[in-house]
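Everything below concerns the one structure shown next.
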Amino acid sequence: MKHLKNVHQGDRAGIVFGGPSLLEQEFNFQKLRDKQLVIFLEAQALTPWFLAGGVKPDYYLMQFPEKCQGNSLHNFIFRGFLAGIESRWLLKRTHLPILQDMKTNFDRYFEAWRPHRGPHKRFRWKPGAFLKDSPYDLVHRLGKEVKIIANK
């Protein structure tokens, strides 16, 4: 972040965070580019839907890279595993194949961790493991011109 000091002084910027409202409103990201804004994209906002819009951000914010191994749906399912809850009944039919993949390949994505610290610590993501459509999976589609700002 120190390298960005005064780089865009006087420029206007837009920060895109993840969330359902952009999708619900069918937000057109080209409007940000048309206004010549410097675009910062938060990690969880990187989705196939965003990429389909064709607008490249100037910066990609990965405040916590370790949280980018899965998207919001993946993390919801993972939390269900930790709680011992069958999340199948809480998901749309279109998401059931993702649940099935995570169950079938559980040992590929997750590992035992610190169960003595509580049920929320029973498992963790394996280092280097990530799921399809996660920020790690999609980041390569941004292109080399996009600068990544990461905590680590």
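For reference, each letter of the sequence shown is one residue, going 99 to 250 in the numbering used here.
For each residue, glycine too, the CB sits at the ideal point set by N, CA and C.
Query raised in the report: What is the DSSP secondary structure of His135, reduced to helix, strand or coil?
Result: In the sequence under discussion, the amino acid at residue 135 is Leu, which differs from the His named in the question. DSSP places Leu135 in coil when its eight states are reduced to three.
Query - Proximity to Gly226 [Cα-Cα], best of Lys129, Ala141, Arg206 - result: Nearest of Lys129, Ala141, Arg206 to Gly226, Cα basis: Arg206.
Query raised in the report: According to DSSP, is Gly112 helix, strand or coil?
Result: Judged by DSSP in its simplified three-state form, Gly112 adopts strand.
Report task. Verify whether the separation of the beta carbon atoms of Tyr158 and Val244 is less than 7 Å. Result -> Cβ atoms of Tyr158 and Val244: closer than 7 Å.
Query raised in the report: Hey, Phe153 and Arg131: beta-carbon distance below 7 Å or not?
Result: One point to set straight first is that residue 153 is Val, not Phe, in the sequence displayed. Contact: yes.
**Report entry** Integer-rounded CB distance, given that Gln128 should sit under 8 Å from Tyr234
**Finding:** Going by Cβ atoms, the distance from Tyr234 to Gln128 rounds to 26 Å, so no, they are not a contact pair.
**Report entry** Alpha-carbon spacing of Thr192 relative to Leu102, whole angstroms
**Finding:** Computed Cα separation, rounded: 41 Å.
Requested in this report: Give the secondary structure of Trp223 by DSSP, where H, G and I count as helix, E and B as strand, and everything else as coil.
Outcome: Look at Trp223 here: in three-state DSSP terms it is strand.
Query raised in the report: Can you list, in chain order, the residues of its chain whose CB lies under 7 Å from that of Lys219, leaving out five sequence neighbours each side?
Result: Beyond the five residues adjoining it in sequence on each side, Lys219 comes within less than 7 Å, by CB distance, of Trp211, Arg212, Pro213 in the same chain, given in chain order.
Query raised in the report: When burial is assigned at 16 or more other CB atoms within 10 Å of the CB, is Ala141 buried or exposed?
Result: Of the residues assessed, Ala141 falls on the buried side of the cut-off, its CB having 16 or more other CB atoms within 10 angstroms.
Query raised in the report: Mapping DSSP to helix, strand and coil, what is Phe208?
Result: DSSP places Phe208 in strand when its eight states are reduced to three.
Query raised in the report: Cα-Cα, which of Leu120, Asn203, Pro195, Gly178 is closest to Leu144?
Result: It is Leu120 whose Cα lies nearest to the Cα of Leu144.
Query - Reduced DSSP category for Leu194 - H, G, I as helix; E, B as strand; rest coil - result: DSSP, reduced to helix, strand and coil, places Leu194 within a helical segment of the structure shown.
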